[in-house]
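Novice: Going line by line, the protein sequences match chains S and D.
This note's numbering puts the first sequence at residues 1 to 422.
This note's numbering puts the second sequence at residues 1001 to 1251.
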Amino acid sequence: MNLQITPQRTLAETAIIDAFGERLSALPGDGAVMVKRDNAIEAVKAGLPTKRVESWHYTDLRRLLTSVPPHDETANAKAVAPLIEGSTVLSVLNGVASEKPAAIDGVTVQPLAEKLADGSFAPALETYGSDDAIGALNIAFVGDGFFVDIAEGSELEAPLELQNVQAGGQTHVRLPVRVGNGAKATIVERQTGSGAALASSVSQLLLGDDAEILWIIVQDQPETATHFAQFKAELGKNSKLTLFIMNAGGKLVRQEVVVDAKGEGADFKLRGVNLLAGDSHTDVTMVLDHSVPHTTSTEVIRNVVTGRAKGVFQGRINVAQYAQKTDAKMACNTLLLSDDGEFSTKPELEIFADDVQCGHGATVTEIDHNHLFYLMARGIDEKTARGLLVKAFLAEVIEELEDEPTVEALEALLDGWFATHG
Amino acid sequence: MLEIKNLHARIVEDGTEIIRGLNLTVKAGEVAAIMGPNGSGKSTLSYILAGREDYEVTEGDILYNGESILEMDPAERAAAGIFLAFQYPMEIPGVATMEFLKVAMNAQRKARDEEPLKIPELLKRVKEAAGSLNMDMAMLKRPLNVGFSGGEKKRAEILQMKLLEPKLCVLDETDSGLDIDALKIVADGVNALRSPDRAIVVITHYQRLLEYIVPDSVHVLYRGQVIKSGDKSLAVELEENGYAGIIEEAA
Ligand SMILES: Nc1ncnc2c1ncn2[C@@H]1O[C@H](COP(=O)(O)OP(=O)(O)OP(=O)(O)O)[C@@H](O)[C@H]1O
Ligand SMILES: [Mg+2]
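Okay, structure coming up:
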């Protein structure tokens, strides 16, 4: 909150504030949760961030969020087939956790509404800074989600898919996952739907020592949806987290990644594929803290931009003063398929330690005409040839996942996207 | 099968004319050799046949089976049976060779209203063709031409040609960079494709290749024109005396 005079509210700000008044009595939570909600809505009342707020410079939320739909009780979202066959699916449909699936070995699942109602989740409802507009919006309205606890030492055979499916209106969901020491799992976070919703979703991962998680976020909202997402993680000693994000939809999308490598030996990999089309605006913003010595991270982001789409990647890496031997590398490469597409990259390295290796690079390219000619000279029509080259551009990040069904599923999504937008 | 009539073409980017009134006719069943000094326009001609957009035809025509191909894009020309084995095959990172072969073969089949090949049949064909060229299947798992040696790239071009079964094959210096054994293997591959309904245009600097792939006609290209045509003895004469005499004669 600040003391400056609040400027006239936008339609969107007014709609959010009004919705809070209407929804409050229906939202779960004890006194502690309600205090958090009240504080959070105050932040919204102070105004949505504009481009003058550094972390929102490329995504002027106040200007870009032009309308906010009302909550829609009648919206009827349906679970979708899992990304990877054989996954255990937990779906949140239109903001409400559906029934739990049959028991999974080593996993405890609880609907988040219960933990809001009894107040046990209140301490976890925290924003990470005064510019955390998504966190604030979500805290104010969060209604449900799943609280997942993976027991120490358990290795999940099947991937666990957390689905968040909207069918219009507003949905505000949280997906906290606690992973015990030494546990291993693949977790898929599906952000999808069919309506012109305003969706906010916050994932919170607590990774125990020596735990290993592959977390795959697939966002393919319709081109009318506004999608605000946050992925927050804390990494224990010698733990490994690979976060793969595919954005392939939405009208206004912001995906924040907030990771704290707070255990020595922790390793974080971020791999991102942004497929941007139409008039969409997609922003991936990462803040990564290397808080202790001997932690490593690499971030590789590949973007394909067509139409008049705009994309943003902000990658901020903070290396604390005593976090010696940090090794961090960041790359962001964009393939522009149209003249009107745009991608802005902003790497930021804040390094207070002296014995570290940090680097970053960004490129923007177009399809290589010589390559295109070669493929076409073998009888491959232009669209297919371009598709092959787009896939080639992304292949490295996708194939790095190695697991064949996962790679195939992501490539199928890519093919589908390219068939409509390429 | 191929008739090039008074062809003039220039580089789109800077307007430089490279092909300056070129005439050439190649009949079905014929093997024609094109020779000529460096920079005379041999590769440019091959690119124009394949439809590369960096060049613009300003005059004349190219007829393939009696019809102009100037309005066709490279993929349409390839599907119609025109194949260019590149002098410098391009490396395409991220595209697996095998996947590329599959897409190319099926794209051409589709353009001819044929059913796509099933994977086992496709593999069988690729294995056979690769075997006949002494190529290791492991190479085909790698990205297209990436890290292939000069000779391996040339072999990969011939492999594609065998699999795609084109009607008009244009080989741009396929012999350069090949050792003697590879040269024989590649020549055998080309000879196996000789047939009454297929024409082959071999661009080369060396008589040696023409001992293995014996041409029906030899054409000398100089400054964007065919300045002399003859039979295989012309190649022998060039090998002995170089281009100077012929260039003077034409001037
Ligand atoms: N895209 C281009 N841009 C600039 N110059 C070009 C281009 N393409 C061809 N040229 C020029 O046109 C001329 C003919 O080139 P081309 O490659 O066709 O010769 P070539 O007969 O194949 O020679 P070589 O025997 O060395 O392969 C050369 O002077 C070359 O530099
Ligand atoms: Mg040449």
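Think of the CB as a built atom: it goes at the ideal place given N, C-alpha and C, for glycine as much as any other residue.
Just the Cα atoms here: how many angstroms apart are T1016 (chain D) and I1062 (chain D)?
Specialist: If you take the alpha carbons of T1016 (chain D) and I1062 (chain D), they lie about 20 Å apart.
Novice: Looking only at its chain, what residues have a beta carbon closer than 6 Å to the beta carbon of R302 (chain S), apart from the 5 residues adjacent to it on each side?
Specialist: Counting only Cβ-Cβ distances below 6 Å, and skipping sequence neighbours, we find V273, N333, L394 and V397.
Novice: Compare the Cα-Cα distances from A309 (chain S) to each of S:S297, S:E114, S:S338 and S:A323 and report the closest residue.
Specialist: When each option's Cα is compared against that of A309 (chain S), the closest is S:S338.
Novice: Helix, strand or coil: which one does DSSP assign to S297 (chain S)?
Specialist: It is a strand residue.
Novice: Would Q163 (chain S) be called buried (16 or more neighbouring beta carbons within 10 Å of its own) or exposed?
Specialist: Counting Cβ neighbours within 10 Å, Q163 (chain S) comes out buried, since at least 16 surround it.
Novice: The beta strand (DSSP E) spanning I84 (chain S) covers which residue range?
Specialist: No beta strand (DSSP E) holds I84 (chain S); DSSP gives it neither H nor E.
Novice: For S1217 (chain D), name the three-state secondary structure that DSSP assigns.
Specialist: In the structure shown, S1217 (chain D) sits in a strand (DSSP, three-state: E or B).
Novice: Would you check if the region 361-372 of chain S and the region 1102-1120 of chain D touch, i.e. whether three or more CB-CB distances between them fall below 8 Å?
Specialist: In short, these stretches do not touch, since the Cβ pair count stays below three.
Novice: Straight-line CA distance for K36 (chain S) to A122 (chain S)?
Specialist: Taking the straight line joining both Cα atoms gives about 7 Å.
Novice: Using CA atoms only, rank isn't needed, just tell me which of D:Q1225, D:T1204, D:A1251 and D:I1213 is closest to E1239 (chain D).
Specialist: Selected option, being the one with the closest Cα: D:T1204.
Novice: Please confirm if G1094 (chain D) has its CB atom under 8 Å from at least one CB of chain S.
Specialist: True, the Cβ-Cβ gap to chain S drops below 8 Å.
Novice: Counting only beta-carbon atoms, is R1052 (chain D) nearer than 8 Å to chain S?
Specialist: With 8 Å as the cut-off, R1052 (chain D) counts as an interface residue toward chain S.
Novice: Going along the chain, which residues of its own chain have a beta-carbon closer than 6 Å to the beta-carbon of L270 (chain S), five neighbours each way excluded?
Specialist: Contacts found: L243 and E299.
Novice: Is it buried or exposed for G29 (chain S), if we count other Cβ within 10 angstroms and need 16 for buried?
Specialist: Buried, because 16 or more other Cβ atoms sit within 10 Å of the Cβ of G29 (chain S).
Novice: For the region 1104-1124 of chain D, enumerate the residues whose C-beta is nearer than 7 Å to any C-beta of chain S, in chain order.
Specialist: So the list reads A1104, A1107, Q1108 and A1111, given in the order they occur along the chain.
Novice: Where does S55 (chain S) sit, in a helix, a strand or coil, going by DSSP?
Specialist: S55 (chain S): helix per DSSP, three-state reduction.
Novice: Any beta carbon from chain D within less than 8 Å of M376 (chain S)'s own beta carbon?
Specialist: Interface residue, yes.
Novice: Check whether the Cβ atoms of F146 (chain S) and V218 (chain S) lie closer than 8 Å to each other.
Specialist: Going by C-beta atoms, F146 (chain S) is not nearer than 8 Å to V218 (chain S).
Novice: Would you verify that the beta carbon of L1171 (chain D) is, or is not, closer than 8 Å to some beta carbon of chain S?
Specialist: False, the Cβ-Cβ gap to chain S never drops below 8 Å.
Novice: Closer than 8 Å, CB to CB, is A1079 (chain D) near chain S or not?
Specialist: Closer than 8 Å: yes.
Novice: Given the structure, does D1175 (chain D) come close to ligand 3, in the sense that its CB is under 7 Å from one of the ligand's heavy atoms?
Specialist: Although ligand 3 was asked about, the structure shown includes only ligand 1 and ligand 2 as ligands.
Novice: Just to check my reading of the structure: A392 (chain S) and P1074 (chain D) have Cβ atoms closer than 8 Å, yes? What is that Cβ distance to the nearest angstrom?
Specialist: That belief does not hold up - the Cβ atoms of A392 (chain S) and P1074 (chain D) are roughly 18 Å apart, past 8 Å.
Novice: Can you tell me whether Q1225 (chain D) sits near ligand 2, meaning its C-beta is under 7 Å from at least one heavy atom of the ligand?
Specialist: Every heavy atom of ligand 2 is 7 Å or more from the Cβ of Q1225 (chain D), so no.
Novice: Short of 6 Å in beta carbon distance, which residues of its chain neighbour E155 (chain S), apart from the five on each side in sequence? Order them along the chain.
Specialist: So the qualifying residues of the chain are K184.
Novice: Quick check on DSSP: helix, strand or coil for S1046 (chain D)?
Specialist: Helix, per DSSP.
Novice: Pull up the distance between the alpha-carbon of I1069 (chain D) and that of E1059 (chain D), whole angstroms please.
Specialist: Computed Cα separation, rounded: 14 Å.
Novice: Quick one: complete alpha helix (DSSP H) runs, 4+ long, within the region 10-61 of chain S?
Specialist: If we require 4 residues or more, the alpha helix (DSSP H) runs fully inside the region 10-61 of chain S come out as 11-23 and 31-45.
Novice: Using 7 Å as the cut-off, classify the Cβ of T186 (chain S) as near or not near the heavy atoms of ligand 1, replying yes or no.
Specialist: No; taking the cut-off as 7 Å, the Cβ of T186 (chain S) has no heavy atom of ligand 1 nearer than that.
Novice: If you count every other CB in all the chains shown that lies within 10 Å of the CB of R52 (chain S), and 16 or more means buried, which is it?
Specialist: So R52 (chain S) ends up on the exposed side.
Novice: Roughly how many whole angstroms lie between the Cα atoms of G182 (chain S) and M286 (chain S)?
Specialist: When rounded, the distance between both Cα atoms is 26 Å.
Novice: Could you tell me the alpha carbon to alpha carbon distance between T345 (chain S) and A133 (chain S), rounded to whole angstroms?
Specialist: So the alpha carbons of these two residues sit roughly 21 Å apart.
Novice: Please specify which runs of the beta strand (DSSP E), each continuous and at least 3 residues long, are wholly inside the region 176-260 of chain S, giving them in chain order.
Specialist: Counting only runs of 3 or more, we get 184-193, 198-207, 212-219, 226-235 and 240-247.
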